[in-house]
Amino acid sequence: EKYLIDALDSVQAQSVGFYNWEALVVNDTGGRIKTRLPPWAGVIPNVRSGVSAARNTGTWLGTGEYVLYLDADDYLHPEALYHMYNVMKTCTCDKPFIYSDWYEAETGGKHIIGDYQPIDVLGRLPFPVTCLYNRSQLIDNHIAWDESFREGWEDWDFAIQCVTKGFCGVRVPAPLLHYRLNTGTLRTTAQSNKDGIKRKIRDKYLAYYTPGGKQVPGCGGCGGGRYPNLISYHSGATVFEGVDLDKETTFVQYNPPPDWTGIRTFVGRGTGNRYRFGTDEQNRVRRVFNADVQGLVDIGYFSPLSGAVGTLSPLQSGPAPDVPTESTVA
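Shown next, in the form of structure tokens:
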């Protein structure tokens with residue numbers, strides 16, 4: 049629960065006018081959420097039934113065209129929904145799901161995931177759970193989270209379900225997710241039970257692991273791989289396409305009180321853009337519009353950096369999409 053606000057804050061901070069989403073918080077702890085959540089977060093009470101049941105509940109009760117599963121201890125890059133949605137709407141796959149590279153939240157280390165190969169999923173889970181899916185396609189193809197996986201690795205089982213039913217992964221070659229590896233959660237338990245769960249996976253999909261047995265379907269319509277036609281831009285919380293960066297923006301540094309931790313969102317007074325700052329290396333210095341600098345300085349926790357060179361990310365920006373349809377974040 050201590051990380052939940054970071055996750056929700058990252059949803060609220062999605063940029064490029066991408067506001068047509070709903071956020072569902074499925075409480076599977078069996079207790080009351082003590083943290084005060086924002087009013088736009090729909091809280092669904094649930095019995096202590098595990099993460100798989102919680103994700104199924106979010107899928108079934110969501111109203112959006114798409115669904116993205118975000119664990120409470122992870123958080124999104126500010127352009128995550130924009131890029132994933134744009135890829136989803138422009139790719140030619142029959143049944144696509146969109147995934148990306150990711151940052152390790154504790155260290156800032158970047159993990160680059162290879163382009164999609166269906167057969168790889170039988171051997172390991174190559175991407176995090178935070179993918180964008182067409183919600184109706186999941187339901188119509190009877191893909192659901194297996195609630196018998198109570199000790200972890202349900203993500204891998206879900207991915208194998210998708211692969212064996214002809215879904216195709218399309219990679220956004222940029223880190224759109226901050227993934228916490230060491231939170232003392234079920235992830236630690238899952239590692240200790242890895243061998244037993246691998247046997248369970250193999251038994252469940254034995255026909256695909258048996259020599260001469262079933263073959264993993266290829267991707268229908270697109271052949272998989274990565275999304276092309278992307279152009280570079282800076283990793284701040286705002287897209288700066290068509291902007292003269294030297295003339296219209298400034299780097300600012302975040303200097304919070306010592307007891308402030310995590311990621312916080314600040315709204316620029318001049319433009320209304322949202323900027324996410326944190327004390328880690330990836331989020332301490334950001335480029336902001338000049339019109340927003342003084343407002344941030346007035347808050348008391350920011351200082352402009354004259355001549356600073358910010359850390360550039362390979363995060364990509366494609367052509368602006370049409371007005372997005374609803375997306376569900378569960």
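Each position in the sequence shown, counted from 1, maps to that position plus 48 in our numbering. From the three backbone atoms N, C-alpha and C, an ideal C-beta is built for every residue, glycine too.
Q: Taking the CB atoms as reference points, tell me whether L72 and W150 lie closer together than 9 Å.
A: Here the question's residue 72 lines up with position 24 in the sequence shown. Here the question's residue 150 lines up with position 102 in the sequence shown. Cβ atoms of L72 and W150: not closer than 9 Å.
Q) With respect to the alpha helix (DSSP H) encompassing Y130, which residues constitute its N-terminal and C-terminal limits? A) Against the sequence shown, residue 130 aligns to sequence position 82. Looking at the DSSP string, the run of the alpha helix (DSSP H) that includes Y130 is 128-138.
Q. Within the chosen definition, does the stretch 78-96 reach the stretch 156-169 through at least 3 CB pairs nearer than 8 Å?
A. no
Q: Assign P144 to one of two classes, buried (16 or more other C-beta atoms within 10 Å of its C-beta) or exposed (fewer than that).
A: Here residue 144 corresponds to residue number 96 of the sequence shown, with the count starting at 1. Result: buried.
Q) Anyone know if the C-beta pair for F197 and I146 falls short of 9 Å? A) On the sequence shown, residue 197 is found 149 positions in, with the first residue counted as 1. On the sequence shown, residue 146 is found 98 positions in, with the first residue counted as 1. No, they are not a contact pair.
Q. Just reading off the alpha helix (DSSP H) that A55 is part of, what are its end residues?
A. For the purposes of this step, residue 55 is taken as residue 7 along the sequence shown, with counting starting at 1. It spans 52-60 - the alpha helix (DSSP H) in which A55 sits, taken as one unbroken run.
Q) Do the stretch 183-203 and the stretch 132-139 meet, that is, are 3 or more Cβ pairs less than 8 Å apart? A) no
Q. Any idea which residues DSSP pairs T399 with across the strands?
A. Outside the displayed span of the chain (49 to 378) sits residue 399, for which this structure offers no information.
Q: Leaving out five residues on either side along the sequence, give the residues of the same chain with a beta carbon under 6 Å from the beta carbon of V315.
A: What you label residue 315 is simply residue 267 of the sequence shown in a count that begins at 1. So the list reads R322, once near-sequence residues are dropped.
(Q) Among A61, S97, Q60, E70, whose alpha-carbon lies nearest the alpha-carbon of G78? (A) Position 30 of the sequence shown, counting from 1, holds the residue named residue 78. Among A61, S97, Q60, E70, the Cα nearest to that of G78 is on S97.
Q: Buried or exposed for Q62, please, with buried defined as at least 16 other CB atoms from any protein chain shown within 10 angstroms of its CB.
A: If you number the sequence shown from 1, residue 62 lands on position 14. Per the 10 Å Cβ criterion, buried.
Q) Buried or exposed: which applies to E127, given that a residue is buried once 16 or more other Cβ atoms fall within 10 Å of its Cβ? A) In the sequence shown, the residue the question calls residue 127 occupies position 79. Label assigned to E127: buried.
Q: Kindly indicate which three-state DSSP category V345 falls into: helix, strand or coil?
A: What you label residue 345 is simply residue 297 of the sequence shown in a count that begins at 1. DSSP places V345 in helix when its eight states are reduced to three.
Q. What's the C-alpha gap between A120 and A101?
A. Within the sequence shown, numbered from 1, the residue matching residue 120 stands at position 72. Within the sequence shown, numbered from 1, the residue matching residue 101 stands at position 53. Cα to Cα, the separation comes out at about 15 Å.
Q: Quick one: measure Cβ to Cβ for Y227 and D122, integer angstroms, because I've assumed they're closer than 8 Å.
A: Numbered from its first residue, the sequence shown carries residue 227 at position 179. Numbered from its first residue, the sequence shown carries residue 122 at position 74. Confirmed, Cβ separation roughly 5 Å.
Q. If you draw a straight line from the alpha carbon of L173 to that of R317, how long is it in whole angstroms?
A. Within the sequence shown, the letter at position 125 stands for residue 173. Within the sequence shown, the letter at position 269 stands for residue 317. Rounded to whole angstroms, L173 to R317 spans 43 Å at the Cα level.
Q) To the nearest angstrom, how far is it from the Cα of S58 to the Cα of E199? A) For this step, residue 58 is matched to residue 10 along the sequence shown. For this step, residue 199 is matched to residue 151 along the sequence shown. Approximately 27 Å, taken between the alpha carbons.
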